[in-house]
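S.K.: Just so you know, the sequence shown maps onto residues 1 to 530 in the UniProt record's numbering. Ideal placement from N, C-alpha and C gives every residue a C-beta, glycine not left out. None of the values given here were measured: they were computed from a predicted structure.
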Amino acid sequence: MTVVARKLSYVTPSPQGAAIVTFEPVEPEESPKEECGVFGVWAPGEDVAKLAYYGLYALQHRGQEAAGIAVADGSQVLVFKDLGLVSQVFDEQTLAAMPGHVAIGHCRYSTTGSTTWENAQPVFRNTAAGTGVALGHNGNLVNTAELAKQAREAGLIETRGAPTATTDSDILGALLAHGAADATLEQAALQLLPTVRGAFCLTFMDENTLYAARDPYGVRPLSLGRLDRGWVVASETAALDIVGASFVRDIEPGELLAIDADGVRSTRFANPTPKGCVFEYVYLARPDSVIGGRSVHATRVEIGRRLASEHPVDADLVIGVPESGIPAAVGYAQGSGIAYGQGLMKNAYVGRTFIQPSQTIRQLGIRLKLNPLKEVIRGKRLIVVDDSIVRGNTQRALIRMLREAGALEVHVRIASPPVKWPCFYGIDFATPAELIANGSSGDEDEMLEDVRRAIGADTLGYISQQGMVAATEQPSSRLCSACFDGNYPIELPGESALGKNVIEHMLANAARSGMPLQDANDNASALRRP
């Protein structure tokens, strides 16, 4: 037996009887969006739902659109999910009603599919054998159209009727459950996973067993941890720390783990070709996480030191843009000998609000999020260190604000190379046309000058790709830097098979035309231009 539960997410009555609109973003955030966070725990005798909750809380930075937890006690799978932050979706009463010995959790930022309850995870499917499969996915697939065609031909997707999930994750869950009709879930996974292309870190489960899998390129991080009475898997090691688990090892690219009463079983489903995302070190991961044996915080500080060496400038004070720019700013100060100071205050609660913002509030933009410490920056020549520049809107507004607060000069230093290419492996960057570093038709020097003028900085310097990679202490051959150099390690399909809403477009076309999914998709090649 399986129960999938939800609660009303959009409008909730307040004690005074007023309608409160929930989960409305108010900041014009242009930073790259984290892809998702996954967590899994197998621990008989422990409160696994609460452990999953704390694990997701530690991974909240990886996705703020929706959250969910699935638990099982050997006889049934219970899934509870909703739109919103982890703390908004779950309360003590809900967690207390979720007993079991195995659980998975997921916090979502949408890289495929719209922000709807149906697309929240974990996804769930029944098998023909009467068991259940719950699955959470971090990453993004590049052969979603091909897998969706398989699922449709097997009768696993409907193009008409009630709202349905439209994510690559749901397609995976459907095919996995379908394969388990006449095989074990482990056998079904070993059949399916070699056919899946793209970036994926999966946690999935049935009534008894926890599974974890990582794509052959290891684009996204996934780690295994040990509890006194069980095991934990998580997108980042910081989540292991939060729940009191000791780090055991990284799950290898191309590896499937099964965890149950017999222990941990490891099976290789594909030969590894490691290509970990370098942007995890630069921006995505928590600074207190460790990826590939290298501290994220130490990497960012080292990037700052190298940035100071590559782009020195005479100034009075180094400040970082909270939060991800701060470690690199500390490193820049160390490398340059220029004093570091806290010049910007961040409002930690601005990301989402229970009050629907007016246009006036929206126009405040970055001022809702950051406010300068005037007494610190007045009369100073500033070096401002940030993690990246995407469109340039945030930096332009920030520089204007710093000048208004009395800064004499503003020199911008960026802890990553220019972002020139979109990501198809789980980061929601802007489109190529919106990337400010893509807007120049000249050489590298002309591009830098164009960006500098556009954001209004006195000088501008990016860390070199070589400097960034060296700071990670990983061989460049084991890293994906496609957003900087356009070298995509996983082959991409035609443009019509890519895009955040690829399944929704396919379903809509199929419903209108009555054609099979693949044919309908072939007629929609103009839907997205990468």
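Is the separation between the beta-carbon of ASP260 and that of THR195 shorter than 8 Å?
M.R.: In this structure, THR195 does not lie closer than 8 Å to ASP260 by Cβ.
S.K.: Quick one, are the C-beta atoms of ARG306 and GLY467 less than 8 Å apart?
M.R.: yes
S.K.: Please name the residue or residues paired with LEU224 in a DSSP beta bridge.
M.R.: VAL233, ARG249
S.K.: Quick check on PRO475: buried or exposed, where buried means 16 or more other Cβ atoms within 10 Å of its Cβ?
M.R.: exposed
S.K.: Starting from LEU448 and walking both ways along the alpha helix (DSSP H), at which residues does that stretch end?
M.R.: 444-455
S.K.: Given a threshold of 16 other Cβ atoms within 10 Å of its Cβ, counted over all protein chains shown, does SER87 qualify as buried or as exposed?
M.R.: The residue is exposed, with fewer than 16 neighbouring Cβ atoms inside 10 Å.
S.K.: Leaving out five residues before and five after VAL296 in sequence, what residues of the same chain have Cβ atoms less than 8 Å from its Cβ?
M.R.: Hits under 8 Å: GLU280, TYR281, ALA285, ARG286, PRO287, ASP288, SER289, VAL290.
S.K.: Residues bridged to LYS346 by DSSP?
M.R.: DSSP, once it has assigned bridges, lists LEU370 as partnering LYS346.
S.K.: Going by other Cβ atoms of all chains shown within 10 Å of its Cβ, with 16 needed for buried, is TYR462 buried or exposed?
M.R.: Its Cβ being crowded by 16 or more others within 10 Å, TYR462 is buried.
S.K.: Given PRO417, which residues of its chain have a CB within under 7 Å of its CB, disregarding the five upstream and five downstream residues?
M.R.: TYR462, ILE463, SER464, GLN465, MET468, PHE484
S.K.: THR267 to VAL89, Cα distance in whole Å?
M.R.: 35 Å
S.K.: So what's PHE124 in DSSP terms, helix, strand or just coil?
M.R.: Reduced to three states, the DSSP call for PHE124 is strand.
S.K.: Tell me the residue span of the alpha helix (DSSP H) that contains SER388.
M.R.: From DSSP, SER388 is part of no alpha helix (DSSP H); its letter is neither H nor E.
S.K.: Would you call ASP262 buried or exposed, if buried means 16 or more other Cβ atoms sit within 10 Å of its Cβ?
M.R.: So ASP262 counts as exposed.
S.K.: What residue does the beta strand (DSSP E) around HIS311 start on, and which one ends it?
M.R.: Run containing HIS311: none; DSSP gives neither H nor E here.
S.K.: Okay, do the region 91-100 and the region 140-160 touch, 3+ Cβ pairs below 8 Å being the bar?
M.R.: Flag = no, the region 91-100 and the region 140-160 do not touch.
S.K.: Give the straight-line distance between the Cα atoms of TYR340 and VAL410, rounded to the nearest whole angstrom.
M.R.: 14 Å
S.K.: Given THR237, which residues of its chain have a CB within under 7 Å of its CB, disregarding the five upstream and five downstream residues?
M.R.: Excluding residues within five positions, the ones whose Cβ falls inside 7 Å are SER223, PHE247, SER289, VAL290.
S.K.: Could you please give the first and the last residue of the uninterrupted alpha helix (DSSP H) stretch that includes CYS483?
M.R.: From DSSP, the alpha helix (DSSP H) with CYS483 extends over 482-485.
S.K.: In the DSSP assignment, the alpha helix (DSSP H) including VAL86 goes from what residue to what residue?
M.R.: Looking at the DSSP string, the run of the alpha helix (DSSP H) that includes VAL86 is 86-89.
S.K.: Would you report the Cα separation of GLN121 and ALA66, rounded to the nearest angstrom?
M.R.: 8 Å
S.K.: Short check: CB of LEU344 to CB of LEU370, under 8 Å?
M.R.: yes
S.K.: Thinking just about the alpha-carbon of each residue, which of TYR332, LEU51, ALA183, ARG197 is nearest to the one in ALA70?
M.R.: LEU51
S.K.: Please determine, among ARG378, GLY335, HIS178, the residue with the shortest C-alpha to C-alpha distance to ILE303.
M.R.: GLY335
S.K.: Identify every run of the alpha helix (DSSP H) within the region 301-339, keeping only runs that are complete inside it and at least 4 residues long; order them along the chain.
M.R.: 326-336
S.K.: Please specify which runs of the alpha helix (DSSP H), each continuous and at least 4 residues long, are wholly inside the region 32-99, giving them in chain order.
M.R.: 48-58, 86-89, 92-96
S.K.: Could you name the residues of the same chain whose beta carbon sits closer than 6 Å to that of VAL385, not counting the 5 residues immediately before and after it, in chain order?
M.R.: Result list for VAL385: GLY320, GLY325, ALA328, ALA329, TYR332, ARG413, in chain order.
S.K.: Would you list the one or two residues that DSSP bridges to ILE291?
M.R.: Beta-bridge pairing links ILE291 to ARG294.
S.K.: Using the C-alpha atoms, what's the distance from ASP450 back to SER441?
M.R.: 10 Å
S.K.: Need the endpoints of the alpha helix (DSSP H) that SER169 sits in, please.
M.R.: 168-179
S.K.: Give the DSSP-derived three-state secondary structure of PHE424 in the structure shown.
M.R.: In the structure shown, PHE424 sits in coil (DSSP, three-state: anything other than H, G, I, E or B).
S.K.: Taking the alpha carbon of VAL48 as the point to measure from, which residue in ASP73, ALA58, ALA148, ILE455 has its own alpha carbon closest?
M.R.: Considering only alpha carbons, the answer is ASP73.
S.K.: Which two residues bound the contiguous alpha helix (DSSP H) that contains PRO282?
M.R.: Reading off the sequence shown, one finds Val at residue 282, where the question assumed Pro. Careful: VAL282 lies outside any alpha helix (DSSP H) and carries neither H nor E.
S.K.: Among SER75, ALA415, ALA43, GLY37, which has the Cα closest to the Cα of TYR57?
M.R.: GLY37
S.K.: Looking only at its chain, what residues have a beta carbon closer than 7 Å to the beta carbon of ARG197, apart from the 5 residues adjacent to it on each side?
M.R.: Around ARG197: LEU141, VAL142, ASN143, ILE490.
S.K.: Round the Cβ separation of residue 534 and LYS420 to the nearest angstrom and send it over; I've been treating them as touching at under 8 Å.
M.R.: The question about residue 534 has no answer here: the residues shown for the chain are numbered 1 through 530.
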